[in-house]
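Residue numbers (my numbering), protein chains in the order written: chain U, 1 to 481; chain W, 482 to 613; chain L, 614 to 1113.
Ideal Cβ positions, reconstructed from N, Cα and C, are used throughout, including at glycine.
Remember, predicted model here, so these are calculated numbers, not experimental data.
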Amino acid sequence: MIMLAAVCTPLLAALLVALSGRWPNVRDGFSVLMGLLLWPQVAMLVYMVLAGDTPELSLVKMLPGVDLAFSLEPLGAVFACVATLLWPIATLYSVGYMRGNNEPRQTQFYVCFAIAISATLGIAFSANLLTLFVFYEALTFSTYPLVTHKGDEASRQAGRKYLGILVGTSVCLLLAGILWTHQLAGSGDFTKGGLLPKDLSKAVVGILLALYAFGIGKAALMPFHGWLPAAMVAPTPVSALLHAVAVVKAGVFTVIKVVVYIFGIDLLAGNGGGNWLIYVAGTTTMIASLTALQQDNLKRRLAFSTIGQLAYVVLAVSIFTPAATLGATLHIAGHAFGKITLFFAAGAIYTSAHLTLVSQLDGVGRRMPITLLAFGLGSLSMIGLPPTAGFLSKFYIVMAAAEAEAWFALIALAVSTVLNAAYFLPIVYRAFAKPAPVDARYGEAPWQSVLALSLTAMLTFAMFIQPGPLVDLVRMLIEGL
Amino acid sequence: MGLLNYWLVVLLMLGGLYIVIAHGNLIKKMVGLNIFQTSVFVLFISLGKVPNGTAPIAIKGAADTVYSNPLPHVLILTAIVVGVATTAVGLALAIRIREAYDSVEEDEILAWREPDATGSDTSPTTTPEPNF
Amino acid sequence: MAPEMSLISTVQAHLPVLPVVTALVAAPLAMLVRRPAMAWLVATAAAVLLLIFSLMLLPATAAGPLSYAVGGWQPPYGIELRVDRLTVIVLLLISVVAVAAMPYARASALVEIAEDKQHLFYSCLLLCLTGLVGMTVTGDAFNVFVFLEISSLSTYALIGMGRQRRALMAAYRYLILGTLGGTFFLIGIGLLYAMTGTLNMADMAMRLEPVRDSRTVLAATAFITVGLGLKLALFPLHAWLPNAYSYAPSAVTVLIAGCATKVAIYLSLRMHYNVLGVDFTGEGMQLAPMLAIFGLVGLIVCSLVALFENNVKRLLAYSSVAQIGYIVLAISLASNTGLTAGIVHLLNHAVVKAGLFMAVGAMVWRCGSDDLQVLAGIGKRMPITSAAFVVGGLALIGVPLTAGFITKWYLVTAAIEQQAWLLVVAILAASIIALGYIGKIIEVAYFRPSPVGAPVGEASPLMLLSMWSLVLMSVALGVWADGTVTLAGQAADVLLGARR
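Here it is in structure tokens:
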């Protein structure tokens, strides 16, 4: 029941926001408040999972033999936890951003935002492939109005690309994969140790894995990554929470979930039909990092960095060992806190200084020190240096890769780490070391935004200092794999 | 005799169909349609004929009389009524078309460009519109 | 009849014939009352009764098919009405669309039909319903032809009532092709009669068993397939459909898009599976690959045409032809899953497309033109109607939690079952194209600024009631699909059972 309540809370928020659209203060208050209300609910769920429970709930008998149902396991708990934790913070940030930039249609914005969170939680809780697919598509369609928020030609084209790639891959590949799975296994329930029969041929496993890996377009594996840079036309809070956390993490979360609960790690490790995945993921990491290096637009650079970081997760999963899965899951959280901080900072710079290009950022650090300090911390997390969350998760991935003697994965990780440093550190250097143009007259962004980005920066730090509960949760996931 | 009836049916059917397809005049099309339908009537009636059969009227005392099958006649009576109704609706439409277009020639009618209609009847307009 | 027999038991005893009688009696009644409002009331009452009777037939057929001898003449000599699970589904479809369309018909007739012709409009509408319901319930092959012509003749008249004069040509063209189709069907029936000496469909099926491979039966199969292909707008026999849908009064479009082609598909299922017993998998006529190819090409080609079409009504009409391709594909798979998918889609698509045509009809009525560009900014000018269009559009694309998704789920499952990978690809690709053409309209409606001085204002409450009831139903059919899928599965059993 708590799960249903948790999914419904954002929907209720959407309703309240829609009704109170005329009074911006009340509306924004509702948004943040409902986000805070969600915390205890998800905390309770996580506590239950830590205690060894598996909360289950069947919503509706949708098809004969297939229910729309929830069932929470450790992986879903991690994902739900991350999304929930960041939602009210992102809402707080949005208040500052949307008001600071006088964006139109703010009510519509908050409504869609809340619906997207609800869909994200649905993905995290889903007990079978059908439920997952339902919420996956709901997330795509609810974020479409956010991507096209500006309503001009550029955002319409971006919206077309966004919807075209995400729906195209999910319908043509993912749905086919799901139905094939139903055909092979007789159901689509996520099962510990894997659902598919163990005697599948190498070719079937390889093709099926391809249907999933590429069909989950939200994981932005090349060549289906184009929607993510396109989605950067959205207002920054959207890029921050949805296109650095909720949507893309829903993608890699689904990949992990499918690998662990549908195929089963043993099947993939023993069968060998899925070995190609590591190369695709590794290549994606390196190409994305190289591309990010060439981007002058700050948000686009961040977007390509996200593609690279998502590929880390897939790369880790495709080593097909429990330890690597642990690293992959941790990286969902580790990357989330860092990347949202970076986006928040980029949005704050845009709000107060109206700068969007990296080459314009000379001296920004002196005028917006808090923002840029947070940005620096986020950058360290992306590169994978202490004292940040990124270090922790990357450490686990590298260890797992070394243990499994996955040399290609190690090389890809090393190359992209160097590249990460090459495209993030110059920004920080430029912002602090170079003098600002003489006519620069701006200070920090609105307090809501600054507060939000400080909070996320602290979370990045906190996860490094105190990873205990999170690691415990993830360890439960890999137990018995 | 043999299959003569059926050959006639085929002839009428093809003739009627040809007129419907080949002629642009709406009235002639209707004529063709009628010929086409008539061929089917003949087909059904031929089916009902039994060699040496007489009209199916039961006569007392003549137990061994061979009758023709009356059912196809009944069916065809219905079909004729349907055919008449179709012709009536078709001709009524033709009259309305003549009132509206001042012509019953198909190509003349289709040549009219409607003020608010887009594209012709056969080819949809393909304005280049960016799509997904 | 014994005096103690209550009304209920009388109704129960005559249940199979009551839907036909209701519509048939109401048609002249609507004409006689003359006042438009009264005629509308008659039509609505008839539609509601139709729905009630269909719902009563639902439990009545759970155990097995109902048979009813018209006038007490026992089959196979008299005309038999036969109601099984498949019949009930189609009856429900017709009555639901009819009931939902009635408020819309009132609103649309007020603006589209001259005051002194409105009672005739309702009368024709009811006659059309009579024909559709009659075709569905009858178990007599010739009777099918009669009801087919009743519904067709009234449809020609209804299409001719459209406001633009192009409606006349559309109606005339449909008349020619429809009559050809009907007559082809009649020829097929005649040939079957020549082989079997019976017109009762069940009896015919039994007697056809030994002569299944004779040339006459093959010819009959060909005539019936082509005749029904014309009526159900099977690609490439669909030439009449786009114009007929575009120029008919919008309420008529709703009804024929929702029901008319669907009943023709039902007939085709009935004839091919239950009467002719066509061996879809074996050597014989190779009907399955033929239907599959026509369905496939129709699906892709007409989806693409819709993508480039700039007239919204024609766009939806081409989309209908494409969707018929889905159903034909499903039929050609000839498995239980395939038929289930086809039957579910029959139902789902009727509801979804009727709802979409209602929304678009209302927009076109408000803007005075069916050109896509004129609808710019309609999302702000008619928010409730546009929202209905968006939801209906999502259902057409097949987004989860809508009716379209259920169909896609079963259709793809059926194709995977038969290892028909090309079909899997085509089905999924077509839904992406659907995303394209629906997205095209939504973009224009929501992201283009309204032209200066463009008419603003919602559709009338009656129209909104109609369209939202169908749109919500299409969502309900997608969430609680258990019932419909089970029902469709039983209907598929009925179809396949006759062949085993």
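Alpha carbon to alpha carbon, how far is residue j from residue i? Give it in angstroms, no decimals.
| i | j | result |
| --- | --- | --- |
| W:A569 | L:G840 | 22 Å |
| L:L912 | L:V634 | 37 Å |
| L:I786 | L:W853 | Note on residue identity: the sequence assigns Arg, not Ile, to residue 786 of chain L. If I take the Cα positions, the gap works out to 6 Å. |
| U:D362 | U:Y423 | 15 Å |
| L:A989 | L:M995 | 11 Å |
| W:A536 | W:S549 | 6 Å |
| L:L1083 | U:V111 | 25 Å |
| U:H331 | U:F190 | 22 Å |
| L:M814 | L:L900 | 21 Å |
| U:T285 | U:V418 | 12 Å |
| L:G775 | L:Y860 | 6 Å |
| L:D1095 | W:H554 | 49 Å |
| U:G21 | L:A660 | 42 Å |
| U:M44 | U:M1 | 12 Å |
Under the three-state reduction of DSSP, which class applies to residue i: helix, strand or coil?
| i | result |
| --- | --- |
| W:V585 | coil |
| W:Y548 | strand |
| L:M971 | helix |
| U:N420 | helix |
| U:M458 | helix |
| U:V66 | strand |
| L:A947 | coil |
| L:F850 | Position check: residue 850 of chain L holds Leu in this sequence, whereas Phe was assumed. DSSP places L:L850 in coil when its eight states are reduced to three. |
| L:N961 | helix |
| U:K249 | helix |
| W:N486 | helix |
| U:L59 | strand |
| L:R695 | strand |
| U:L208 | helix |
| L:D729 | helix |
Cutting at 6 Å between CB atoms, please list the residues of its own chain near residue i, excluding the five before and the five after it.
| i | result |
| --- | --- |
| L:L843 | L790, G794 and L850 |
| L:T1026 | T950 |
| U:L209 | G274 |
| U:I457 | Residue 457 of chain U is actually Ala in this sequence, not Ile. If we look at U:A457 and ignore the five residues flanking it on each side, its Cβ neighbours are T341, A374 and L377. |
| W:P609 | In this prediction, W:P609 scores a pLDDT of 38, lower than 50, which makes its location untrustworthy; no coordinate-derived value is stated. |
| U:V259 | V317 |
When you compare each of the options to residue i by their alpha carbons, which one comes out closest?
| i | options | result |
| --- | --- | --- |
| U:H335 | U:V111, U:L173 and U:I383 | U:I383 |
| U:I216 | U:A292, U:L129 and U:A203 | U:L129 |
| U:L241 | U:R105, U:L290, U:L36 and U:F113 | U:F113 |
| L:P632 | L:H732, L:V746 and L:T829 | L:V746 |
| W:R577 | L:L799, L:E693 and L:A784 | L:A784 |
| W:N486 | W:Y582, W:I508, W:L528 and W:Q518 | W:L528 |
| L:R719 | L:A967, L:T657 and L:I944 | L:T657 |
| L:A727 | L:L831, L:A1094, L:V1092 and L:Q777 | L:Q777 |
| L:L637 | L:A652, L:T743 and L:L628 | L:T743 |
| U:V205 | U:A323, U:V438, U:G308 and U:G177 | U:G177 |
Which residues in the same chain have their Cβ closer than 7 Å to the Cβ of residue i, if we skip the five residues on either side of it in sequence?
| i | result |
| --- | --- |
| L:A675 | none |
| U:V167 | T140 |
| W:I516 | L493, G496, G497 and I500 |
| U:V358 | D296, L298, R301 and I427 |
| L:Y931 | P855, C915, V918, A919 and E922 |
| U:P197 | L184 and A185 |
| L:A877 | L841, K844 and L845 |
| U:A14 | V111, A114 and I115 |
Spatial neighbours of residue i within its chain, please: CB distance less than 8 Å, with the 5 preceding and 5 following residues excluded, ordered by chain position.
| i | result |
| --- | --- |
| U:K299 | M232, T236, S239, F343, A346 and T356 |
| U:W87 | P10, G35, L38, I117 and L241 |
Does the Cβ of residue i lie closer than 6 Å to at least one heavy atom of the ligand MN?
| i | result |
| --- | --- |
| L:L654 | Annotation note on the ligand MN: not contained in the displayed structure, which lists no ligands. |
- Scan the region 32-61 of chain U for residues whose Cβ lies nearer than 7 Å to a Cβ of chain C and list them as they occur along the chain. Looking for chain C here will not work: the only protein chains present are U, W and L.
- Message: Please list, in chain order, the residues of the region 999-1026 of chain L that have any C-beta partner in chain U closer than 9 Å.
- Response: L1007, I1010, G1011, V1012, P1013, L1014, F1018, I1019, K1021, W1022, Y1023, V1025 and T1026
- Task: Taking only beta carbons into account, state which residues of the region 499-513 of chain W come closer than 7 Å to chain L, listed in chain order.
- Result: V501, L507 and K510
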